[in-house]
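Each number in my numbering comes from the position in the sequence shown (counting from 1) with 26 added on. Don't be surprised by glycine CBs; every beta carbon is placed ideally from N, CA and C. Notes follow once the structure below has been shown.
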Amino acid sequence: MVAVIFRFIFLLILAVIVFGVGKSFLNEQAGLGMALAIVAIPLAYSYINLARLRKYIEQGEIENLPSTSGKWEDVLYRLQRFLRIQRQQLNDIEAQHDRFIQAFQASPNGIVMLDDRDQIEWCNAIAENFFGLNFKRDALQQINYLIRRPEFVRYLSQRNFDEPLLIEQMGKAGNLTLMLQLFPFSENRHLLFAQDITDLRKTEAMRRDFVANVSHEMRTPLTVMMGFLETVLSLDLDETQRTRYLEMMQLQAKRMQSLVEDLLTLANLEANIQPPALQAIDMPAVMALLKNDAEALSQGKHRLEFISDAQHDLLGNQKELLSAFSNLVSNAVHYTPEGGKIKASWDVNENGQGIFSVEDSGPGISAEHLPRLTERFYRVDRSRSRETGGTGLGLAIVKHIANRHQAQLNIASVPGKGSLFSVQLPNERVAAI
Ligand SMILES: Nc1ncnc2c1ncn2[C@@H]1O[C@H](COP(=O)(O)OP(=O)(O)OP(=O)(O)O)[C@@H](O)[C@H]1O
Ligand SMILES: [Mg+2]
């Protein structure tokens, strides 16, 4: 500021001197003209630069600095530097803001930001999907006009958000169960947080079903055994009758034992997430073992055919695969009536995949049961299955073992004609001998 005043005074003094000199050497008017020119030239230069400055600011192109000189150049250069810093700071803030938005978008949960009047300030794509919102359309709309479920409207109006709220039948298809909660932030604003707990609820339901099923399966043989025990204890039985009751009790005990064993097998398979090692399994030998078991089970009541490709080994865990294959073979024997045909084979298809299959000419399974066969305890015909002693865990175990070997269990069946169960193993689990 002082420098500016000095410059101004210097200019005035210069003008006065020029006036004096002009007046003494020429005349008064000439002196005045020269003095005015001394003042007007820098003034005009300043006006030109002011106009340049104005254009520069209006253009908004920071790098396009007008060329000037002297003090003006210095001022414009400083202005440019200031604007550059400002722009950098703005870019940084915008980038940070974008990252926040991206983080919220990446969240698997629905997030809605509400202002102090419960109007939508922002929401992520998941929330749009959960609540049927469209941010562009619904921005600044009251949330309770858009989520109109009575339980939510009540939750919002009560203004007590200590506990989450559970809402069912949400999402576009109405098949989601959501747990949502509001969290206060900033001045009177709220973050609506929604979590999809559909799978969690399904798992909980499955766990409850599982416990109920196990208890039910155990209770039946236990009740029968208790009945026999009471008979043996309370009645005066002869040796033959006593043995008969004890044998029937033994049968029930075996049922319980096999149930517990199957449950343990399943638990072990589930606990072991490591895929089985690529150990070569001698398939012709396995097929021979399976055939022996099938003959023992069938007792000559079925026509059995066992075929094995001797050129290829299967790579995996022999104990597990033998158990899976023998489950399929024993099912075929169990469910195929006398006189039926059972054909088991190990083969490699044109794509190099290993196929173990068991085909029977039994009663077949109607289509509605097929997707559920591998569920634990699922039986097509509960009463008939009881007679054959099945608990409905066999195929669940087969599927687990197949999954562990990256294999697929395929079931094709035509009621009245028969069934084909096949395990399709990937190329990596087949080795040419
Ligand atoms: N080859 C088949 N032919 C007809 N139905 C079958 C055949 N294999 C399985 N099923 C049906 O699928 C159901 C499920 O089979 P799964 O092997 O899982 O259980 P299970 O044989 O009843 O009992 P478990 O094998 O645990 O002793 C059976 O109850 C039966 O109804
Ligand atoms: Mg079975």
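- Membership of VAL30 in the alpha helix (DSSP H) is indicated by the continuous run 28–51.
- With a cutoff of 8 Å, HIS426 does not count as near ligand 2, since its C-beta is closer than that to no heavy atom of the ligand.
- Taken through DSSP and simplified to helix, strand or coil, GLY420 comes out as helix.
- Taking the Cα of GLU194 as reference, the smallest distance to any Cα among GLN184, LEU285 and LEU206 is reached at LEU206.
- By the neighbour-count definition (other C-beta atoms within 10 Å, threshold 16), ILE299 is an exposed residue.
- Going by beta carbons, LEU37 and ILE74 fall outside the 9 Å limit.
- Between the C-alpha atoms of SER445 and GLN325 there is a straight-line separation of about 21 Å.
- Distances taken from the Cβ of SER356 to the heavy atoms of ligand 2 include one shorter than 8 Å.
- Taking 3 residues as the minimum length, the beta strand (DSSP E) runs contained wholly in the stretch 161–225 are 191–196, 202–211 and 215–222, in order along the chain.
- Selection LEU348, PRO389 and GLY378 evaluated against GLY365 yields PRO389 as nearest (Cα-Cα).
- Looking at the DSSP output, HIS123 sits in no beta bridge, so it has no partner there.
- When the five nearest sequence neighbours on each side are left out, the beta carbons in the same chain lying within less than 8 Å of the beta carbon of ILE459 are those of ALA336, GLN337, HIS338 and ASP339, in order along the chain.
- A distance criterion of 8 Å places the beta-carbon of ASN353 in contact range of ligand 2, judged by its closest non-hydrogen atom.
- Pairwise C-beta distances place the stretch 254–269 out of contact with the stretch 430–437, as fewer than three of them are shorter than 8 Å.
- VAL286: member of the alpha helix (DSSP H) spanning 265–297, first to last residue.
- Proximity to LEU79 across LEU102, GLY136, ALA303 and MET282 peaks at LEU102, based on C-alpha coordinates.
- DSSP places VAL359 in the uninterrupted alpha helix (DSSP H) bounded by 344–361.
- Assigned with DSSP and collapsed to three states, SER72 falls in helix.
- DSSP lists LYS367 as the beta-bridge partner residues of ARG329.
- Distance between ALA279 and GLU154, taken at the CA atoms: about 56 Å.
- At a threshold of 8 Å, PRO389 counts as near ligand 1, since its beta carbon sits closer than that to one of the ligand's heavy atoms.
- About 5 Å separates the CB atoms of VAL406 and HIS395; that is less than 8 Å, so the two are in contact.
- Three or more Cβ pairs closer than 8 Å define a contact, and the stretch 242–253 falls short of that threshold against the stretch 213–232.
- Within the stretch 71–154, complete alpha helix (DSSP H) segments of at least 4 residues are found at 96–132, given in chain order.
- Within its own chain, the residues whose Cβ lies closer than 7 Å to the Cβ of ASN375, once the five positions on either side in sequence are excluded, are ILE381, listed in chain order.
- Within its own chain, the residues whose Cβ lies closer than 7 Å to the Cβ of ASP164, once the five positions on either side in sequence are excluded, are ILE146 and LEU172, listed in chain order.
- Contact between the stretch 104–112 and the stretch 168–184 is absent, with fewer than three C-beta pairs closer than 8 Å.
- By alpha-carbon distance to HIS242, the top candidate from GLU89, THR417 and MET27 is THR417.
- When Cβ pairs closer than 8 Å are counted between the two stretches, the stretch 315–333 is seen not to touch the stretch 282–299, the count staying below three.
- The continuous alpha helix (DSSP H) containing ASP319 extends over residues 309–324.
- For the set GLY197, CYS149 and LEU105, the Cα lying nearest the Cα of PHE126 is the one of CYS149.
- Going by C-alpha positions, SER349 is about 44 Å away from ILE152.
- Taking PHE447 as the centre and dropping the five residues before and after it, the same chain places the C-beta of LEU354, VAL384 and ILE437 closer than 6 Å to its C-beta, in chain order.
- Shortest Cα-Cα distance from THR257 to any of ARG245, MET275, THR246 and MET244 involves MET275.
- In this structure, the beta-carbon distance from SER356 to ASP319 falls below 9 Å.
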